[in-house]
Amino acid sequence: MSANGMPVPDFAASAPCAPPTGNLVPLLHEIRHALTCWLEKGQEHVIDLRGIPLAPGEEDSLLEQLGEGEVKARLSLMGPSVIIETRYPGVWLVTHYSEDENITGRFIEVCEVPAILKSQTDDIRTGLERLEDQLSNAEATV
Amino acid sequence: MSKDKTLGETLQERGISRRSFLKFCATTASMMALPPSMIPVIASTLEKVRRPSVIWLSFQECTGCTESITRSHSATIEDLIFDTISLDYHHTLQAASGAAAEHAREEAMQENHGNYILVVDGSIPGENNGYSTIAGISNKDMLLDTAAGAAAIVAVGSCAAFGGIPKADPNPTGAVSVSDLIKDKPIVNVPGCPPIPAVMTGVLVQFLTFGLPELDHLGRPAAFYGQSIHDRCYRRPFYDKGLFANSFDDEGARKGWCLFKLGCKGPTTYNACAVTKWNDGTSFPIEAGHPCLGCSEPDFWDAGSFYKALSAPTGAIGKTAVYAGTAGVIAGAALGASLRARKQSAVKSHERVTIDDLDQES
Amino acid sequence: MTDTEFLLWVRGPAFNTAVFIMCAGLVIRFLEILLLGRKADLAEARGSAAAGGLRTMVMRFIPDAGSFQRSGFTVVSGYIFHIGLFIVIFLFVPHILVFEAATGLNWPGLPSNIVDAANVVTMLALLGVLIHRIKDPVMRMLSGFGDYLVWFVTFLPLLTGYLAFHRVGLSAPMLIGLHILSVEILMILFPFTKLSHAFTLWMARWYNGAIAGYKGVRS
């Protein structure tokens, strides 16, 4: 790719490399421990991946190891959010994006189902009002 | 403008689902480096917040802070929160101007006396009040007047927090910071040139949720300004190993080595750039290959060249040494000459002892 | 005065002043010594003065067996802290930048964690030297205010350097500022205390060697 006929350097190829942090295996152990706690006591656990220092490439390696399972949900919440059950049931990957597809948050949740996937009581209430409105309009026009 | 509704009610009215609100709380907690267990706390507190009245005063500034905070992405909850915080006065953003705008400001101040948040960007001419005026009112008078009824003041940007570029040598307008003029109200400094947008909104969210945040010795929220760039920089391993770039675009620079030699002020700068980064976490100056300027520290414009290493002296040391040597030669020659003269006179006046002298004493 | 103003002051006018005093002071001391002159040796030369001088300048780095036996601790700890000082001052990249600013010369440095370790070893050696000076009766008798002062102004930059590197206690600008200030104090006192031996030892070794070489004996 060139601009104005001048060659554009391949920045990705010359990107600086950072040393590995060694945080991958401890993270997996934390997930293992959380799964054990859930089975024994029903305790849920959330890990904020943004809060753990990971070198470039380490996060991708982690997601590769966790893989994808049976469930993939795409939510439209002022920007998309993607929820995947990993290949380990009970281990969910929740990724939040802004409207222009930049990652704003990434969490690993060990639970039955992430709270944000469930329908919220307030939203149900608002929806019921809307349905009641619609029904009363429909009956009025009949 | 209804100020009775809570934030939760307002969001509902606008058709924002609670799910979306939860997403915002989760990403905000992550950005503020709070543990995930705080997400429900943030959610339950924020939704009950009643629209606080906010007055935004812009003084001697470049408008970069306003640009930064409004220049997000597309419409997000942060923007909504700004809508819902009832921004009663912002003379750059608002449509009204002149007498009508000032009237609106005074009305808001009266109605919410003691309860409104005052946000300030830009520095203030401390003495000669004719340098910067709005609607004929000097910056200093407007600040003192508006601060009197404020619950708290947020000084956004390095100009409001520390004086910024107007205060830089020779400071022709006598610019001072907000904390130089206001002594009796809690002031939260959010410095940066400009501050990271996520930090600005994060401070406001933190303020609404938990009240006045923990501040460091310069009045900055410890959550965002508690760590130095150096302590969180991904190039730190290179500093520790002694691998430095010697000039821009040399081999070391391309390998991503530490920029200390190029003048990086990371070690003495406290901000969230290395962690939160800019443009939705894309990058920050060091990652782009440029040394940190130290823009969230006081007087960073006058802190010696941006491109001179922190450990290097700022003066012309070589010249000083030459002058010193010359002065030393002159002084030393004079001293040496006088010492020689003393020695020679001592030799001359030295009385030799003869046998007779010795005999006389016995 | 804010932290930043303090740091700027120590990097600016204070550093200039310290450099001026140190350089002028050292030149004055040199000239004082040289201009006092020496008595001419009227005997016939039986060997080369220059060869003796040069040889002594180098060979004096090796301790002689006698002093090693008599004051082994002083010799060993002395070597340790001098070598340590050399590493910490001349082989740490941020310091090399100071020399580059003054002279334009540049040379490679050691990894910073190695310099940090050398700093710790140097500080321990200096503490040992101080304790020895206080406890040994002869040393105690010989020591005056100047000796303790010189120890203190040498130890202080090492300590403040350690704190600045590890960022312990105060804000970063304050730590770095205090470190630079402690070095400036050392620089100002340098020419007017026994510390000047760092520069005058070459003359001393030369003269001792030259005198002996002229006489045709080993020094």
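Top to bottom, those sequences are chains V, F and G.
For the first sequence, our numbering gives the first residue as 463, with consecutive numbering after it.
For the second sequence, our numbering gives the first residue as 911, with consecutive numbering after it.
For the third sequence, our numbering gives the first residue as 42, with consecutive numbering after it.
Here a beta-carbon is modelled for each residue, glycine too, at the ideal position from N, C-alpha and C.
What whole-angstrom Cβ distance do residue i and residue j have, given they're in contact under 8 Å?
{"i": "LYS1095(F)", "j": "ALA1070(F)", "result": "Wrong, their Cβ atoms sit about 14 Å apart, outside the cutoff."}
{"i": "LYS1151(F)", "j": "ALA1219(F)", "result": "LYS1151(F) to ALA1219(F), Cβ: 17 Å. No contact."}
{"i": "GLY250(G)", "j": "ARG96(G)", "result": "6 Å"}
{"i": "LEU67(G)", "j": "GLY1238(F)", "result": "7 Å"}
{"i": "ASN1099(F)", "j": "GLY1129(F)", "result": "4 Å"}
{"i": "LEU1053(F)", "j": "LEU1125(F)", "result": "Not quite, the Cβ-Cβ distance comes to about 20 Å (not below 8 Å), so this is no contact."}
{"i": "LEU49(G)", "j": "GLY1214(F)", "result": "6 Å"}
{"i": "LEU525(V)", "j": "LEU489(V)", "result": "About 11 Å; that fails the 8 Å criterion."}
{"i": "GLY218(G)", "j": "ASN160(G)", "result": "The Cβ separation is near 19 Å, so there is no contact."}
{"i": "MET63(G)", "j": "PHE231(G)", "result": "5 Å"}
{"i": "MET215(G)", "j": "ALA59(G)", "result": "In fact, because the Cβ distance is near 19 Å, the residues do not count as touching under 8 Å."}
{"i": "ARG1142(F)", "j": "ILE578(V)", "result": "That pair is no contact at about 29 Å."}
{"i": "ASP1031(F)", "j": "THR1083(F)", "result": "With 8 Å as the limit, ASP1031(F) and THR1083(F) do not qualify as a contact, their Cβ atoms being about 16 Å apart."}
{"i": "GLU506(V)", "j": "VAL572(V)", "result": "6 Å"}
Are the Cβ atoms of residue i and residue j separated by less than 8 Å?
{"i": "PHE969(F)", "j": "SER1068(F)", "result": "no"}
{"i": "VAL170(G)", "j": "PHE233(G)", "result": "no"}
{"i": "ALA1085(F)", "j": "ASP1212(F)", "result": "no"}
{"i": "GLN1116(F)", "j": "ALA1132(F)", "result": "no"}
{"i": "SER1206(F)", "j": "ASN1189(F)", "result": "no"}
{"i": "ALA84(G)", "j": "GLY254(G)", "result": "no"}
{"i": "GLY1112(F)", "j": "MET948(F)", "result": "no"}
{"i": "ILE514(V)", "j": "ASN485(V)", "result": "yes"}
{"i": "LEU1169(F)", "j": "ILE1139(F)", "result": "no"}
{"i": "PHE931(F)", "j": "LEU921(F)", "result": "yes"}
{"i": "GLY125(G)", "j": "ALA65(G)", "result": "no"}
{"i": "GLY1166(F)", "j": "ARG1145(F)", "result": "yes"}
{"i": "ILE128(G)", "j": "LEU146(G)", "result": "no"}
{"i": "ILE69(G)", "j": "ALA1198(F)", "result": "no"}
Which residue marks the beginning of the beta strand (DSSP E) containing residue i, and which one marks its end?
{"i": "LEU83(G)", "result": "Taken as a continuous stretch (DSSP letters only), LEU83(G) belongs to no beta strand (DSSP E), as it is neither H nor E."}
{"i": "ARG536(V)", "result": "534 to 538"}
{"i": "ASP1212(F)", "result": "ASP1212(F) -> no beta strand (DSSP E), and no H or E assigned at all."}
{"i": "ILE1027(F)", "result": "1026 to 1031"}
{"i": "ASP510(V)", "result": "507 to 510"}
{"i": "TRP966(F)", "result": "964 to 968"}
{"i": "GLY1162(F)", "result": "First-last for GLY1162(F): 1161 to 1164, but that is the alpha helix (DSSP H), not the beta strand (DSSP E)."}
{"i": "LEU921(F)", "result": "Here LEU921(F) belongs to no beta strand (DSSP E); instead the alpha helix (DSSP H) covers 917 to 923."}
{"i": "GLU502(V)", "result": "From DSSP, GLU502(V) is part of no beta strand (DSSP E) but of the alpha helix (DSSP H) over 486 to 503."}
Rounded to a whole number of angstroms, what is the C-alpha to C-alpha distance between residue i and residue j?
{"i": "TYR1026(F)", "j": "ALA55(G)", "result": "46 Å"}
{"i": "GLN582(V)", "j": "GLY925(F)", "result": "14 Å"}
{"i": "LYS876(F)", "j": "SER1087(F)", "result": "Absent from the model: residue 876(F). The displayed extent of chain F is 911 to 1272, so no value can be given."}
{"i": "SER538(V)", "j": "ALA142(G)", "result": "57 Å"}
{"i": "ILE1227(F)", "j": "ASN57(G)", "result": "6 Å"}
{"i": "ASP1267(F)", "j": "GLN1254(F)", "result": "24 Å"}
{"i": "GLY918(F)", "j": "LEU956(F)", "result": "7 Å"}
{"i": "ALA1063(F)", "j": "ASP1051(F)", "result": "Going by the sequence as given, residue 1063(F) is Ile instead of Ala. Answer to the nearest angstrom: the Cα atoms are 16 Å apart."}
{"i": "ALA936(F)", "j": "GLN1137(F)", "result": "22 Å"}
{"i": "VAL575(V)", "j": "GLY552(V)", "result": "7 Å"}
{"i": "LEU72(G)", "j": "ALA1243(F)", "result": "6 Å"}
{"i": "LEU1091(F)", "j": "GLY1036(F)", "result": "8 Å"}
{"i": "GLY1040(F)", "j": "SER1048(F)", "result": "6 Å"}
{"i": "ALA81(G)", "j": "VAL191(G)", "result": "35 Å"}
{"i": "CYS1202(F)", "j": "GLY529(V)", "result": "38 Å"}
According to DSSP, simplified to helix, strand and coil, what is residue i?
{"i": "LYS1253(F)", "result": "helix"}
{"i": "SER1138(F)", "result": "strand"}
{"i": "SER984(F)", "result": "Residue placement at SER984(F) cannot be trusted, given a pLDDT of 39 that sits under 50; the coordinates are not used to answer."}
{"i": "GLN1020(F)", "result": "helix"}
{"i": "TRP148(G)", "result": "coil"}
{"i": "PRO1105(F)", "result": "coil"}
{"i": "TRP554(V)", "result": "strand"}
{"i": "ALA1061(F)", "result": "strand"}
{"i": "THR588(V)", "result": "helix"}
{"i": "TYR1233(F)", "result": "helix"}
{"i": "ILE1092(F)", "result": "coil"}
What residue does the alpha helix (DSSP H) around residue i start on, and which one ends it?
{"i": "THR1083(F)", "result": "It is not in any alpha helix (DSSP H) - THR1083(F) carries neither H nor E in the DSSP assignment."}
{"i": "TYR203(G)", "result": "186 to 207"}
{"i": "PHE1072(F)", "result": "1067 to 1072"}
{"i": "HIS123(G)", "result": "113 to 131"}
{"i": "LEU165(G)", "result": "153 to 176"}
{"i": "TYR1144(F)", "result": "From DSSP, TYR1144(F) is part of no alpha helix (DSSP H); its letter is neither H nor E."}
{"i": "PRO568(V)", "result": "A small correction: the amino acid at residue 568(V) is Arg; Pro does not occupy that position in the sequence shown. Taken as a continuous stretch (DSSP letters only), ARG568(V) belongs to no alpha helix (DSSP H), being part of the beta strand (DSSP E) at 565 to 572."}
{"i": "LEU229(G)", "result": "Sequence inspection shows Ile at residue 229(G); the Leu mentioned does not correspond to that position. Here the alpha helix (DSSP H) through ILE229(G) covers 213 to 230."}
Tell me whether residue i counts as near the ligand MG, meaning its Cβ is closer than 7 Å to at least one heavy atom of that ligand.
{"i": "ALA1045(F)", "result": "Among the components of this structure there are no ligands whatsoever, and the ligand MG is therefore not found."}
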